[in-house]
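Visitor:
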Amino acid sequence: MNISRENIDAVNAVLKIAIEKADYEKTVAGQLKEYRQKAVIPGFRPGKAPEGLIKRKYRTPVLVEEVNKILSKNLSQYLVDEKLNILGEPLPNEEQKTINWETDENFEFAFDIALAPGLKIELDNQTQINYYKIAVTDEMINEQVEMAQSQFGKNTADDEIKENSSVRGNFVQLNPEGEEAENGFRPDNVLIAIDMIKDAEIKNSFIGKKKDDIVVFDPVKAFENRNEIKHMLKITQDEAETLNSNFSFTITEVLKFEKAGLNEELFKKIYGEESNIITEEDFRNQIKSDIERNLTYSSNHKFAVDAHQKLLEQNNMALPEAFLKRWLIAINKELTVEQIENEFDAFISDLKWQLIKDDIIKANGLSVTKEEVQSFAVQMARAQYSQYGIYDVPEEQLESFAKMILEKPEERERIYKRLNEDKVINVVKEKVAMVETEVSREEFDKMMK
């Protein structure tokens with residue numbers, strides 16, 4: 003058995019594998035002997051069938067299987083021994099000689115392989131990449147303060163209805179004569195936000211009313227949304243679609259919304275009982291830090307995009323595109339050639355970036371540990387809770403959530419890739435000339451479009 007390599011160019015080569023009779027003869031003979039001992043063939047006692055008959059019946063499939071085993075094993079071992087960094091997988095050469103398994107004793111196979119281009123990514127201060135730091139404004143801080151106060155605010159009793167009041171009360175459906183309809187709808191304890199009433203006349207009829215007052219109006223006209231009417235009156239969609247009558251609404255409670263005060267009670271609700279945030283100034287400073295941290299994610303993402311583009315421009319490598327198209331077609335039977343053609347440029351760009359990352363990872367000895375993956379999953383869990391305004395989550399609960407995330411192979415793989423990418427970008431940050439520029443949120447958003 004012999005393997006030779008013919009380099010077509012820097013990124014294309016052909017491997018020729020010669021398998022001779024001596025490489026497989028003994029194993030094939032042993033297999034046929036076992037077949038003869040076990041074969042049950044009509045007219046012959048077990049193990050007594052003629053050797054020639056066994057060969058005619060079984061030799062070719064046994065030969066094909068054994069040659070393919072030798073081929074696969076030695077091809078894989080050659081790639082490892084020669085330390086070849088190939089792209090995709092070997093493909094049968096289009097000029098592969100036809101094999102006659104019945105008569106040939108020696109076989110030659112030819113495979114096309116694609117070689118990754120040799121790279122040495124230079125990262126130094128001769129390369130400049132902008133880092134855009136987004137300025138935190140008082141307006142941003144005020145918005146977050148306002149949101150926190152509203153999130154933890156509550157409704158309290160009020161004397162009379164105003165434009166921004168909410169009212170609770172009982173509905174009674176009326177007949178055309180303005181009297182209580184027989185078998186009409188009578189939902190109790192319904193909450194209405196006055197500012198959600200669309201009809202101006204009906205809205206004004208509520209203003210100034212007090213507890214125990216009665217307002218007569220058509221809910222459909224007031225809210226202009228029959229789906230909303232269905233939920234408000236606790237009726238079916240069909241009933242809501244055909245509803246056409248006035249209701250009396252007896253006010254049982256007038257409510258006004260009061261935002262939460264900027265005090266220690268609010269701060270502990272948001273940041274937990276162990277929080278050392280005492281004053282409004284502490285709170286605003288913490289919010290500023292939170293905003294800065296969140297904006298840093300955006301700045302880092304922009305830097306990663308720009309670094310990606312800059313390194314691609316500086317390392318315009320040649321790739322075996324014809325081979326890669328063949329390989330993509332071979333492994334993606336569900337895709338058409340046209341689909342592969344349409345997505346090929348994006349595939350090549352992603353592949354080039356992967357090769358650049360691989361070189362940086364190798365040159366800098368980068369790796370991702372299980373502990374880092376676990377820590378990132380905990381961060382993901384904490385962020386999930388934060389989206390719902392839950393900040394003071396016990397550590398064991400976060401770790402349990404993280405475990406659920408990591409039990410999904412695709413999530414675990416995604417985290418590994420994300421952390422690898424982050425490590426690569428951090429190396430780039432350390433070694434290139436990073437030019438920090440402060441911009442407004444509006445300027446940054448325009449750059450990201």
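Numbering of the sequence shown is given in the numbering used here, commencing with residue 3 and proceeding in unit increments.
C-beta: ideal position from N, C-alpha, C; glycine also.
Predicted, not measured: the structure shown is a model, and the values here were computed from it.
When DSSP builds the beta bridges, which residues end up paired with tyrosine 133?
Guide: By DSSP's assignment, tyrosine 133 forms a beta bridge with Glu438.
Visitor: Just confirm the distance between the C-beta atoms of asparagine 157 and phenylalanine 259, as a whole number of angstroms; I'd bet it's less than 8 angstroms.
Guide: 6 angstroms
Visitor: For the putative contact between lysine 23 and glutamate 107, defined by C-beta atoms under 8 angstroms, what is the C-beta separation to the nearest angstrom?
Guide: 5 angstroms
Visitor: Does the structure place the stretch 85–95 close enough to the stretch 107–118 that three or more beta carbon pairs sit under 8 angstroms?
Guide: yes
Visitor: Would isoleucine 209 and valine 169 qualify as a contact pair, given that the criterion is a beta-carbon distance under 8 angstroms?
Guide: no
Visitor: Leaving aside the five residues before and after serine 442 along the sequence, list all residues of the same chain whose C-beta is less than 8 angstroms from its C-beta, in chain order.
Guide: Closer than 8 angstroms at the Cβ level, and outside the excluded window around serine 442, lie Ile136, Ala137, Thr139.
Visitor: Using a Cβ-Cβ cutoff of less than 7 angstroms, which residues in the same chain neighbour valine 430 once the five nearest sequence positions on both sides are dropped?
Guide: Once the five neighbours on either side are set aside, the close Cβ partners of valine 430 are Leu125, Ala309.
Visitor: Output needed for aspartate 292: all residues of its chain with C-beta closer than 8 angstroms, excluding positions within five of it in sequence on either side, in chain order.
Guide: When the five nearest sequence neighbours on each side are left out, the beta carbons in the same chain lying within less than 8 angstroms of the beta carbon of aspartate 292 are those of Gln146, in order along the chain.
Visitor: Can you tell me whether glutamate 415 is buried or exposed? The criterion is at least 16 other CB atoms within 10 Å of its CB, across all chains shown.
Guide: exposed
Visitor: Cutting at 8 angstroms between CB atoms, please list the residues of its own chain near tyrosine 273, excluding the five before and the five after it.
Guide: Ile279, Gln288, Tyr393, Asp394
Visitor: Output the distance between the C-alpha atoms of glutamine 79 and glutamine 356, rounded to the nearest integer angstrom.
Guide: 24 angstroms
Visitor: For the stretch 29–43 and the stretch 52–70, state whether three or more C-beta atom pairs, one from each stretch, are separated by less than 8 angstroms.
Guide: Yes, the stretch 29–43 touches the stretch 52–70.
Visitor: Output the distance between the C-alpha atoms of alanine 306 and isoleucine 417, rounded to the nearest integer angstrom.
Guide: 17 angstroms
Visitor: So, helix, strand or coil for arginine 7, using DSSP?
Guide: strand
Visitor: Mind checking which residues open and close the alpha helix (DSSP H) that includes proline 178?
Guide: Unbroken run through proline 178: none, as it is neither H nor E.
Visitor: Can you tell me whether proline 94 is helix, strand or coil according to DSSP?
Guide: strand
Visitor: Which first and last residues belong to the beta strand (DSSP E) in which proline 157 is found?
Guide: With the sequence shown as reference, residue 157 is identified as asparagine, and proline is not the correct amino acid for it. That run of the beta strand (DSSP E) goes 156–159.
Visitor: Can you check DSSP and say which residues form a bridge with serine 168?
Guide: Ala195, Leu257
Visitor: Identify the continuous alpha helix (DSSP H) that holds lysine 59 and give its terminal residues.
Guide: 53–83
Visitor: Taking all protein chains shown into account, do 16 or more other C-beta atoms lie within 10 angstroms of the C-beta of phenylalanine 46, making it buried, or fewer, making it exposed?
Guide: exposed
Visitor: With a CB to CB cut of under 6 angstroms and the five nearest residues on each side skipped, what residues in its chain are close to isoleucine 43?
Guide: If the five residues before and after isoleucine 43 are omitted, its C-beta is found closer than 6 angstroms to the C-beta atoms of Ala51, all from its own chain and listed in chain order.
Visitor: Locate the alpha helix (DSSP H) running through asparagine 422, then write down its first and last residues.
Guide: 411–433
Visitor: Of all the options Met436, Ser369, Pro48, Leu257, which has the alpha carbon lying nearest to the alpha carbon of asparagine 166?
Guide: If you compare the alpha carbons of Met436, Ser369, Pro48, Leu257 with that of asparagine 166, the shortest gap goes to Leu257.
Visitor: What is the DSSP secondary structure of glutamate 243, reduced to helix, strand or coil?
Guide: helix
Visitor: Around the Cβ of alanine 383, are there at least 16 other Cβ atoms within 10 angstroms (buried) or fewer (exposed)?
Guide: Label assigned to alanine 383: buried.
Visitor: Tell me whether serine 250 sits in a helix, a strand or coil according to DSSP, three-state version.
Guide: strand
Visitor: With respect to the beta strand (DSSP E) encompassing asparagine 14, which residues constitute its N-terminal and C-terminal limits?
Guide: 14–21
Visitor: Excluding the five sequence neighbours on either side, which residues of its own chain have a C-beta within less than 7 angstroms of the C-beta of glutamine 34, listed in chain order?
Guide: Just to set this straight, residue 34 is leucine in the shown sequence, not glutamine. Within the same chain, leucine 34 has close Cβ partners Ile56, Lys57, Tyr60, Arg61, Val64.
Visitor: DSSP three-state label for valine 380, please.
Guide: helix
Visitor: So, does the stretch 170–179 touch the stretch 244–253, judging by three or more C-beta pairs under 8 angstroms?
Guide: Between the stretch 170–179 and the stretch 244–253 there are three or more inter-stretch CB-CB distances shorter than 8 angstroms, so the stretches are counted as touching.
Visitor: For valine 437, collect the residues of the same chain with a Cβ closer than 8 angstroms to its Cβ; drop the 5 residues on either side in sequence, then sort them by chain order.
Guide: Excluding positions up to five away in sequence, the list reads Gln130, Ile131, Asn132, Tyr133.
Visitor: At what residues does the alpha helix (DSSP H) containing phenylalanine 349 begin and finish?
Guide: 339–366
Visitor: Among Lys405, Gln399, Asn366, which one has its Cα closest to the Cα of alanine 379?
Guide: It is Lys405 whose Cα lies nearest to the Cα of alanine 379.
Visitor: Have a look at the DSSP bridge pairing and note the partners of phenylalanine 109.
Guide: Ile21
Visitor: Just to confirm, are asparagine 4 and alanine 20 a CB contact at a threshold of 8 angstroms?
Guide: yes
Visitor: Which residues share a DSSP beta bridge with leucine 117?
Guide: Ile88
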